[in-house]
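A.B. asks: Numbering (our numbering), first residue to last: 71 to 311. Once you've had a glance at the structure underneath, I'll fire off some questions.
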Amino acid sequence: MTASKIPQHVAVIMDGNGRWAEQHGLPRIEGHRKGTQAVKRILKAAEDFGVKNITLFAFSVENWNRPKLEVAALMQLLESFLKEQKEQLVKREMRLRVLGRTSELPRSTQKQLRKTEQATQTFNNLTVGLALNYGSRTEVVDAVKAITLDAQEGLLDLNELDYEVFRQYLYTKEMPDPDLIIRTSGECRLSNFLLLQSAYSEIYLSDVLWPDFDKAEFGAALKAYASRERRFGKTAQQLTS
């Protein structure tokens, strides 16, 4: 696979932790715990393949509707993962970017996220977007609120508003729009994930549950992406002329 065929930004909807746990007769949190091992594998795979940006959908705004004990366990697992991986991110010069309404997360979780973001903010080997308390609709609402305030304060001329200006108000403003979106576990929906940014993304659906997702599966997704012709509304003839 040539470098020109490697997507700049891969976004992943990590699905199937609960079903994995159920299949193995384990509590749901054990599926999530196993899922963190898959995260480590895929960050290494992204680095090996030369991907420069990867965004992982870790916790949605809708996930607060899950049982309180599961949500609390997820936050504790996230904090432990960040503490454990901060040194690795620094060593491998990977930058962490948190996407979402982080102010609504537990304070201890916010503190650990800030520590990791600050420790990695100068790196550019691989930018890791972690979507936490994220929802595409709330992201757009937050962007519109910020645009309205800037317009009222004379910082933005609405006559100059286009998508390139609008995207500077999105959580993903420091990352390119995703070229490829991977969803695991056989589900076939975007689930309120990067809806605006994914307007021209290629989508790859994998039947593999997230805890079992590995470098080979990630490579298969990249291979499928490389075989596709991205037209962005143009005809095949226009692309070759």
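Cβ coordinates follow ideal geometry from the N, Cα and C atoms, glycine included. All figures in this text were calculated on a predicted structure; none of them were measured in a lab.
#1: With a floor of 3 residues, list each beta strand (DSSP E) that falls wholly inside the region 126-213, ordered by position along the chain.
#2: Which residue from R300, N262, G256 and F236 puts its Cα closest to that of V214?
#3: Excluding the 5 residues flanking V160 on each side, which residues of the same chain have their C-beta closer than 8 Å to its C-beta?
#4: Ordered along the chain, which non-local residues of its own chain (more than five positions away) have a Cβ less than 8 Å from that of C258?
#5: Mapping the DSSP letters down to three states, classify N123 as helix, strand or coil.
#6: Any idea what DSSP makes of V278, helix, strand or coil?
#7: Leaving aside the five residues before and after M75 along the sequence, list all residues of the same chain whose C-beta is less than 7 Å from its C-beta, in chain order.
#8: For the pair the region 125-136 and the region 197-212, tell me if three or more CB-CB distances fall below 8 Å.
#9: Thinking just about the alpha-carbon of each residue, which of T72, L96, K104 and V80 is nearest to the one in L279?
#10: For N229, count neighbouring Cβ atoms within 10 angstroms of its own Cβ and tell me buried if that reaches 16, exposed if not.
#11: Can you tell me whether A81 is helix, strand or coil according to DSSP?
#12: According to the Cβ coordinates, are A81 and F288 closer than 8 Å?
#13: Check each candidate in P248, E140, Q238 and S206 and name the one with the smallest Cα separation from D220.
#14: Can you confirm whether the region 204-212 touches the region 263-270 when touching is taken to mean that 3 or more C-beta pairs between the two stretches lie within less than 8 Å?
#15: L250 bridges to which residues according to DSSP?
#16: Taking the alpha-carbon positions, what's the H94 to D227 distance?
#17: Secondary structure at N262, three-state DSSP: helix, strand or coil?
C.D. replies: Working from what's here:
#1: 164-169 and 196-204
#2: F236
#3: A189, T190 and F193
#4: L275
#5: strand
#6: coil
#7: The amino acid occupying residue 75 in the given sequence is Lys; Met does not appear at that position. Same-chain partners within the cutoff: A296.
#8: yes
#9: K104
#10: exposed
#11: strand
#12: no
#13: Q238
#14: yes
#15: V80 and E272
#16: 56 Å
#17: coil
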